[in-house]
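For reference, the structure discussed in these notes is given below.
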Amino acid sequence: MTPSGPDTGREDTGIGPRWRVLCDDGAGAVDGLALDEALLAPYGREANGVDGVDAAHPTDGSHQPVTATVRLYTYAPHCALVGHYQSLESELDLAACAAAGVGVGRRPTGGGAIIMGPDQLGVAIATRAPAGASPRTLLARYGGGLADGLAGLGIDARFAGKNDLVVGGRKIAGLGLYLDPHGALLFHASLLCDLDVALMLSVLSIPGAKLAGHGVSRVQERITTVSEQLGRHVSAADVRGRVADALLAAAGAEGLASVPTAAEQHRAATLTEQRYGAPAWLSGRPQPPGARASAMLATPGGLLRVYVGVQRDALSAVLFAGDLSVMAPALLGLETRLRWCRADPDRIAEIVNADGAAAELGVAPQALAETISAAAARALARAGGASPMRPAGSCYFPEPAATSGSPAERDRRVRAPLSERSAA
Amino acid sequence: MLTVAGYTLDPALRYEPATNVWVADLGDGRVRVGLDPLGAETSGDIVAVSFAASGAALAAGEAMAIIEAAKFVGPLAAPVPGRLAAVNPAVIDAPGQINADPYGAWLAELDGVPADRLAALVGGEAAITAWFADAVARFRAEGAIAQ
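Top line first, the protein sequences correspond to chains A and B.
With my numbering, the residue at position 11 of the first sequence is 82, and numbering never jumps.
With my numbering, the residue at position 98 of the second sequence is 100, and numbering never jumps.
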């Protein structure tokens, strides 16, 4: 690792001139997340720097303050982590996790369920939240450093959807952001260096696995890895140094190799016990029931089926399938852009109209938007109904439509205004 | 109503620029607060919101709610000091309404708000217009909102 970078003149961004760099492997699902949050404490408004690596008195004698800590780490094989507001039981097959020895945890950041292990690089950046910066700006700032690291490997990764990094429309990294009430910021990213798709399908509740037995190929249509891009197996350890260099360079920061301080380890142990490992945190707060549904659209290339999952009043997942001979790349991008958008016809139309997917399919944007909205309406109706439905929201797919209720009942629900169907 | 850089603003409200929160004076030291259109847009699609305990005494800048958008979880700071007197249950059930209708989907009401703290927020057509135009320009320059 080269602990230096060019002066990019970005001090005004809140990123200072020196970053601590921590590297570790084999984190557990619970203690790995706890250490990330423990790293935040020195960056709150009331804090005075990193314990033992104090801002005013760096251990190396430098007078430069330490203004951020970046941790580049991997989890023990394997861990399944759900997003902050997701249902553990809904997103994970907990029996399969237990059988496979997969640890489970809940992140402080949003987003969907992911699987982590030696081939997925975890990135955590802890720093003071800059004043006046929007979440989108912050995600772009830190995610840009990660994209720079991939560019250094010859991989052209770009932002897509709700701040995923994609290569050719396929997801290669997910990003998340958590701001704590004390003014500290935690940026999270998971970079897919490689992925055991079969294991992922066995422990995450991903409906792609149930689509005519083509789960693996469905996943591979939507995600890629560093290994695939480079044509050889690449582990997280292989790319860690390059990612660190890129993050430091993007911030105009100098790196200071470090380890967690005793105080950070103590805080992590406390957080493991009281937060991340606590049953109340793992189970999450009660969620309204989510649901899934589908709708169909005839296109010149064949029938398109749109699967939609909802959680509260948002689209937690969108999947396009059908008997199309070729899945248009633009459709995969549209899936990403629609995920977590408001399940509202106007919002859906806005996104579809700004996208090239309808043209690629040979249909009017309005027709595509109405089909998606129809699926959303059915899902919202089901979410508000008595049928037990599982909230959707894995990173990649919703589940195929549930079939409860008579056709007449489904039609009645679909015809009701969307506004009357938000999840209870 | 005002339109500034394509966004609707209400000159009858006051605004907290750092957090893009609007504040409506309900009288007798009570205010209603919500995210302004820029705050709603730059948070992304909001999928959940939770609040501090009812009756909690909040200092300005202290978290009165936790906003959860698609890829972001973070606090929403109280724009003025006061007691959390009420929350809007509609946004708990349908948090996406904060994006769809930032003024209609109010978040919370505070009481016991000192008049001078309310008066210190951005208010009046000229001040609101100047502040908001600058904020939009900055967010556009950062790529946080579309050009």
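Just so you know, even glycine gets a beta-carbon here, dropped at the ideal spot from N, CA and C.
Listed as beta-bridge partners of B:Asp136 by DSSP are no residues whatsoever. According to DSSP, A:Trp90 shares a beta bridge with A:Ala139, A:Gly326. Three or more beta-carbon pairs separated by less than 8 Å are not found between the segment 237-244 of chain A and the segment 143-160 of chain A, which leaves the two stretches without contact.
Taking the Cα positions, A:Val310 is about 15 Å away from A:Val92. Of all residues in the segment 142-157 of chain A, only His155, Tyr156 place a beta-carbon less than 7 Å from a beta-carbon of chain B. Near chain A, meaning a CB-to-CB distance below 9 Å, the residues of the segment 39-61 of chain B are Leu40, Gly41, Glu43, Thr44, Ser45, Gly46, Asp47, Ile48, Val49, Ala50, Ser52. Shown here, A:Thr332 sits in coil according to DSSP, grouped into three states, outside any helix or strand. Contact annotation for B:Val115 against chain A: no contact, minimum CB-CB distance about 20 Å [criterion: below 9 Å]. Setting aside the 5 residues that flank it on each side, A:Glu117 is surrounded in the same chain by His253, each with a C-beta closer than 7 Å to its C-beta; the list follows chain order.
Look at the segment 60-86 of chain B: the residues with a C-beta under 7 Å from a C-beta of chain A are Ala65, Glu70, Ala71, Ala72, Lys73, Phe74, Val75, Gly76, Pro77. The three-state reading of DSSP puts A:Gln382 in strand, counting E and B together.
Counting only residues of its own chain and dropping the five nearest sequence neighbours on each side, B:Tyr17 has a CB closer than 8 Å to the CB of Leu11, Val23, Trp24, Val25, Asp38, Leu123, Val124, Gly125, Ile130, Trp133, Phe134. Taken in chain order, the complete alpha helix (DSSP H) segments of 4 or more residues contained in the segment 159-245 of chain A are 159-162, 165-171, 206-223. Three or more Cβ pairs drawn from the segment 64-80 of chain B and the segment 108-120 of chain B lie within less than 8 Å of each other, which places the two stretches in contact.
The segment 215-231 of chain A makes contact with the segment 316-325 of chain A: 3 or more CB pairs, one atom from each, lie closer than 8 Å. Within the segment 292-305 of chain A, no residue has its Cβ closer than 8 Å to any Cβ of chain B. By the Cβ test, the segment 295-313 of chain A is in contact with the segment 185-193 of chain A, since at least three Cβ pairs between them sit closer than 8 Å.
Under a criterion of Cβ atoms nearer than 7 Å, the residues of chain B adjacent to A:Cys412 are, in order, Asp47.
Within chain A, Arg413, Arg418 have C-beta atoms less than 8 Å from the C-beta of B:Asn101, given in sequence order. By the 16-neighbour rule on beta-carbons within 10 angstroms, A:Glu108 is buried. Look at B:Tyr9 here: in three-state DSSP terms it is strand. Comparing C-alpha distances from A:Gly323 to each of A:Val137, A:Ala333, A:Val434, A:Ala307 shows the shortest one belongs to A:Val137.
Under the 8 Å Cβ criterion, the segment 399-418 of chain A does not count as touching the segment 345-354 of chain A, having fewer than three qualifying pairs.
For A:Gly103, the enclosing alpha helix (DSSP H) starts and ends at 100-109.
Excluding the 5 residues flanking it on each side, A:Ser354 has same chain C-beta neighbours closer than 7 Å at Leu159, in chain order.
For the options B:Val138, B:Ala58, B:Ala14, the alpha carbon positioned closest to that of B:Ala88 is the one of B:Ala58.
Remark: C-beta atoms of A:Ala446 and A:Ala366 approach each other more closely than 8 Å.
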